[in-house]
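2 protein chains.
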Amino acid sequence: MPSPDDGSLEDGLHQDGRRLTPQRKRVLELFERRGSGCHLSAEEVHQQLVDLKLKVSLATVYRTLRLLADMGFLQELELSEGGRRFELADDDHRDHHHVVCIRCGRTEEFESDSVLAAGAEAAQTFNFKLIESSLNVRAICADCQN
Amino acid sequence: MPSPDDGSLEDGLHQDGRRLTPQRKRVLELFERRGSGCHLSAEEVHQQLVDLKLKVSLATVYRTLRLLADMGFLQELELSEGGRRFELADDDHRDHHHVVCIRCGRTEEFESDSVLAAGAEAAQTFNFKLIESSLNVRAICADCQN
DNA sequence: GTGGGTGCAAAAGATTTGCAACCAG
DNA sequence: CTGGTTGCAAATCTTTTGCACCCAC
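Residue numbers (our numbering), protein chains in the order written: chain L, 106 to 251; chain B, 106 to 251.
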């Protein structure tokens, strides 16, 4: 399980005959700066890098997000209708779940041992090998309830 | 909470000044024939109706799926990367969760009171009004483990 | 008859890919 | 140097939409 710093990114890449490019570094560093609870879409990652005057094309952002997710540096989310999002896969930030406001998109995180247990049990019941489980709670936040 | 038969579909539609068309009937009937555990994408619904020689355009399938989900006849799922899927919203089949094989897409369902409780508790913690919660377990099925 | 619905084709997003130029190792 | 990577544009794929025609009520 890699920890998200440039050194381990470089090692992980080289292990696979891949290269550490400025673009890949920039994408991962953006997530690190933003911190653990930050959920970004490809478009947003690209926009934020452009705002920082860092040159990366949108196509490369898409390629890099998939790569970083495959390598375990990022976690892919399937929260809302508006496309895929990614967050930093931080060691002490794993196994958390999301409450999403269906009106404004505001998202809160929480942890729950009983949810983890339920997921593990369900996988075992069907003879599946568990990878990860995520609980998505759709709700309406206080503000949007008016 | 409507039960999924043509009568209540007709009533629900008329209540809103809408009309019961053959196309809408065909889409809902397809889900009813397939049963509760069936997860279909818009493309699949369209293809299956075409195979049955029932004329519905893909655009209408999309419009109808959204309508039936809004009306509560169908439940929208956010399981995999490959687009949205829908399933029948059956009364004695609510509040269930999914274990999905990330290799072959095979999907199993299960229920869990503790997951429901955890979702409700999380919503309350943040002062959100709960709508629904779903646990998605990503795993690898027995066959795909080789 | 009238307004909602449908089909079609075009439009709009989101994501992927082919390819020539580039550059990390 | 050399092969992996990038940027760009074109290609895909999914979903939505404008509009003329149609039909459920």
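Where is the CB? At the ideal position from N, CA and C, for every residue including glycine.
Nothing here was measured: the structure is a model prediction, and the numbers come from that model.
By the Cβ-count criterion, B:C206 is buried, with 16 or more other Cβ atoms from all chains shown falling within 10 Å of its own Cβ. With distances taken between CA atoms, B:G210 lies nearest to L:F233 out of L:A164, L:R138, L:L159 and L:F233. Bridge partners of B:A244 according to DSSP: L:L235 and B:C206. Put simply, of B:R243, B:D196, B:A244 and B:A228 the residue whose alpha carbon is nearest the alpha carbon of B:E237 is B:A228. Bounds of any beta strand (DSSP E) do not take in B:R123, whose DSSP letter is neither H nor E. In the displayed model, L:R131 falls within a helix according to three-state DSSP. With 16 or more other CB atoms across the displayed protein chains lying within 10 angstroms of its CB, L:Q180 is buried.
In the displayed model, B:E216 falls within a strand according to three-state DSSP.
Here the alpha carbons of B:V204 and B:Q250 stand approximately 15 Å from one another. Contacts with chain B (Cβ-Cβ distance below 7 Å) from the segment 164 to 184 of chain L involve E183, listed in chain order. Taking CB atoms only, L:L235 has a neighbour in chain B less than 8 Å away.
The alpha-carbon separation between L:H202 and B:L170 amounts to approximately 28 Å.
If the five residues before and after B:R243 are omitted, its C-beta is found closer than 7 Å to the C-beta atoms of V205 and I207, all from its own chain and listed in chain order. Residue contact check for B:S162 against chain L: no CB pair falls below 8 Å.
Separation of L:R199 and L:D218 (C-alpha to C-alpha, rounded to the nearest whole angstrom) is 12 Å.
Within the segment 138 to 165 of chain L, the alpha helix (DSSP H) runs of at least 4 residues that lie entirely inside it are, in chain order, 147 to 156.
B:D195 places its beta carbon less than 8 Å from that of B:S141. Linking L:L145 to B:L157 through their CA atoms gives a straight-line distance of about 42 Å.
Taking the CA atoms as reference points, B:E148 sits about 7 Å from B:L163. Cβ atoms of B:V161 and B:Q120 stay farther apart than 8 Å, at about 23 Å. About 6 Å separates the beta carbon of B:L173 from that of B:L133, a gap short enough to meet the 8 Å contact definition.
Between the C-alpha atoms of B:A223 and L:R190 there is a straight-line separation of about 23 Å.
Against chain L, the CB of B:E213 has a partner CB under 8 Å away; the residue lies at that interface. In the same chain as L:R124, and ignoring 5 residues on each side of it, the C-beta atoms closer than 7 Å to its own belong to L118, in chain order.
Pairing L:V155 with L:L135 gives a Cβ-Cβ distance that is not under 8 Å. When 8 Å is used as the limit between beta carbons, L:N232 is near these residues of chain B: C246 and A247, in chain order. Rounded to whole angstroms, the separation of the alpha carbons of B:R168 and L:L221 is 36 Å. The straight-line gap separating the alpha-carbon atoms of L:R131 and B:E115 is approximately 55 Å.
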